[in-house]
Each structure stands twice: as structure tokens, then as C-alpha cells.
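Encoded as C-alpha cells, the structure appears first; notes follow it.
There are 2 protein chains.
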Amino acid sequence: MVDAPRNTRQRRAVVAILEDLDGFASAQEIHDILKRRGESVGLSTVYRSLQVLADAAEVDALRNDDGEVLYRQCSAGHHHHLVCRSCGRTVEIEGPSVERWADKIADENGFRDVAHTLEIFGTCSSCPA
Amino acid sequence: MVDAPRNTRQRRAVVAILEDLDGFASAQEIHDILKRRGESVGLSTVYRSLQVLADAAEVDALRNDDGEVLYRQCSAGHHHHLVCRSCGRTVEIEGPSVERWADKIADENGFRDVAHTLEIFGTCSSCPA
DNA sequence: CACGATTTGACAACGGTTGTCATGACGATT
DNA sequence: AATCGTCATGACAACCGTTGTCAAATCGTG
Numbered sequence: 000m001v002d003a004p005r006n007t008r009q010r011r012a013v014v015a016i017l018e019d020l021d022g023f024a025s026a027q028e029i030h031d032i033l034k035r036r037g038e039s040v041g042l043s044t045v046y047r048s049l050q051v052l053a054d055a056a057e058v059d060a061l062r063n064d065d066g067e068v069l070y071r072q073c074s075a076g077h078h079h080h081l082v083c084r085s086c087g088r089t090v091e092i093e094g095p096s097v098e099r100w101a102d103k104i105a106d107e108n109g110f111r112d113v114a115h116t117l118e119i120f121g122t123c124s125s126c127p128a
Numbered sequence: 000m001v002d003a004p005r006n007t008r009q010r011r012a013v014v015a016i017l018e019d020l021d022g023f024a025s026a027q028e029i030h031d032i033l034k035r036r037g038e039s040v041g042l043s044t045v046y047r048s049l050q051v052l053a054d055a056a057e058v059d060a061l062r063n064d065d066g067e068v069l070y071r072q073c074s075a076g077h078h079h080h081l082v083c084r085s086c087g088r089t090v091e092i093e094g095p096s097v098e099r100w101a102d103k104i105a106d107e108n109g110f111r112d113v114a115h116t117l118e119i120f121g122t123c124s125s126c127p128a
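Set out below in C-alpha cells:
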């Protein structure tokens, strides 16, 4: 049995930000937002909190084109994302047929321990060109 | 009209490596292979050559879980990859129905300038667990 | 061959992320 | 409420892949 993480002010603050945001954000963005709100939390702590949350599958993580990792509080279960490149606004999407297709392709080629990444990026209707 | 790039020993060497490899490899791996073959090429030059090739769509680039960019000489046209996490061996795959599905999802949600990433990772049959 | 423009390569700088470690906070137990 | 072991925090340095810098070397055209 693993000990539950401690309920610290900092961890609560990070979780609160994630609950407020509806799109993906980087660790540094979250750190900036916290600073602006006057609830300053060390950058290392923000990174660590997000890692813990991601490991516990309480947040989703993905990498943007620049190699930054973005985090978002998502609903449980396997799903993918339609993400606005400009503002981060995100729509969760599901594609059962895609899942089956990916598994079948991998199986046909003798690959095991299969995982896949699938994200759709675009510009959302409220963002300028 | 843009000037054609110069035909230097270094660029030829990088292209030759890409032709030999059948899987994805990082810039640093390619740099190491060149050094081992005695055709030493500066690391900056390897990075620049790969950038140029990727911009010209002569090689595909993708990011692994660690955030490293991997390169591979691929066939022309839009396709995805089934990649061995262990050895990099790669199978090019196509999924016309997935393409249509992704475009439809984006359109339904009012997103434009849409692109998607889709890669399947696994362990291939010739690699140990 | 000579010359100008491009490319190279050693090195420094950059940016996101992770490690370090002394200090501080949590919370179970008295 | 006070004590205490343990875990979390945060300032900072280190890391690692990648990109920028710039003098020297190379390409290929005239």
C-alpha cells in the first residue's frame, strides 16, 4: 500500500488551477498563473505535482510541436483530444473504431505492448487566423 | 526560385545513413553512426541537414516519449507509423478512414487548419521483452 | 584559377525539465 | 496542544536535446 500524498497548500493550488482551466497548459503557464494569483508555488513543486497527477492518471499529458508537455484535467477513461493550437481549448473525443484499427495493425505486424498517440490540432472558432 | 543546397560531403553522408537505416533514429544517433564509420560530421551539421530534409518533406520526423525528435526516410505521401520502442524498426501504415474521421470531428467542432498526429508504438517480434 | 556565397564545426547559449539538499510543513501519536 | 518522523517544498544548479554564433573551410560558378 502506498501512502497517500500529503494535502499541502501547494498541491491544492495546482489542482485548483487545473479545475479552472478548460484547455491544456504547460507547467510554466500554471506556475505563472499561480504567481499572478498571489498563491506562489515553486516551479519544481509545480512540475512534481503535475508528474504525480499524471502518473495517477488524474490529468492527461501531451507534447506540443515545440516539445513542451501540456497538462489538462480530463474525464476518466481512454480518449483523445481536439486541441486549439492558439488558446489550448480542448474537446475530448472518442474513436472506438480507431482503437480497434490500431490494435489490429499492430497485431498483424507482430508488435506487442502496444500503445498509440492520436491528437488532432487546429484553430478553434474563437481564435483569429 | 530558391537555390539548390550544395552537394557537400557531410550532407551526402547524412543522407546515406538515412538510406541504410530502416527505422527512426535521433540526430545524435546518426551523428554517432557517422563517427563510428569514420565519416565524422559535426553535430550542428547533422541537426541542420535533418532540418532541411524534414522541411523538404524528404524525411519524416516524430517525437518519442522522451521528447527527442526521431528521423526516418519514408515514402512520399501522408502516412503514419508503427514503431518499435526498442529498436526503432518501423512499418508505414495508412488509414484512410481515420483521416476522414479526424477531419469530420474537427469540422463538427468548428476547428480549421487541422492536422493530426497518429503513431502506434509497441515492441516488435525481434526485440526481447 | 579565383572569387563570393554557402556550409561547416567547435563552442556557447537556450529552454524545458529534473536533481539536490537544507529548510519547512503535514499529520499521526502522545 | 506539543512532539516527532517523514515527506514536501523551493532556490538553485545540473542536465540534455537543440539552436545560435562566427571564423575558417568548401563549393561551384565565372
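Chains A and B, in that order, give the protein sequences.
When the first sequence is numbered by numbering that gives the first Met the number 0, its final residue is 128 and no position is left out of the sequence of numbers.
When the second sequence is numbered by numbering that gives the first Met the number 0, its final residue is 128 and no position is left out of the sequence of numbers.
In this text, a Cβ means the ideal position worked out from N, Cα and C, and glycines have one as well.
On the DSSP bridge assignment, give the partners of residue i in chain order.
| i | result |
| --- | --- |
| A/T116 | B/E118 |
| B/V90 | B/L81 |
| A/D59 | A/R71 |
| A/R111 | B/T122 |
If you measure between the beta carbons of residue i and residue j, is that distance less than 8 angstroms?
| i | j | result |
| --- | --- | --- |
| A/L33 | A/S25 | no |
| A/L61 | A/H80 | yes |
| A/V134 | B/V97 | The requested residue 134 of chain A is not part of the displayed model; chain A covers only 0 to 128. |
| B/G37 | B/T89 | no |
| B/R10 | B/P4 | yes |
Does chain A have any CB closer than 8 angstroms to the CB of residue i?
| i | result |
| --- | --- |
| B/A60 | no |
| B/D112 | yes |
Considering only C-alpha positions, which residue in the set the options is nearest to residue i?
| i | options | result |
| --- | --- | --- |
| B/E93 | B/Y70, B/G41, B/V45, B/E118 | B/E118 |
| A/A55 | A/V97, A/S74, A/G66 | A/S74 |
| B/T122 | B/E28, B/D102, B/V82, B/H115 | B/V82 |
| B/C126 | B/C86, B/Q27, B/Y46, B/I104 | B/C86 |
| A/L52 | A/V113, A/N63, A/R71 | A/R71 |
| A/I104 | B/R8, B/F120, B/Q50 | B/F120 |
| A/H115 | B/N63, B/D106, B/D102, B/G109 | B/N63 |
| A/R84 | B/E18, B/V113, B/L20 | B/V113 |
In three-state terms, what does DSSP make of residue i?
| i | result |
| --- | --- |
| A/T14 | One point to set straight first is that residue 14 of chain A is Val, not Thr, in the sequence displayed. Reduced to three states, the DSSP call for A/V14 is helix. |
| B/S124 | coil |
| B/A24 | strand |
| A/D54 | helix |
| B/A101 | helix |
Residue i CB to nearest chain B CB: under 8 angstroms?
| i | result |
| --- | --- |
| A/V90 | yes |
| A/T7 | no |
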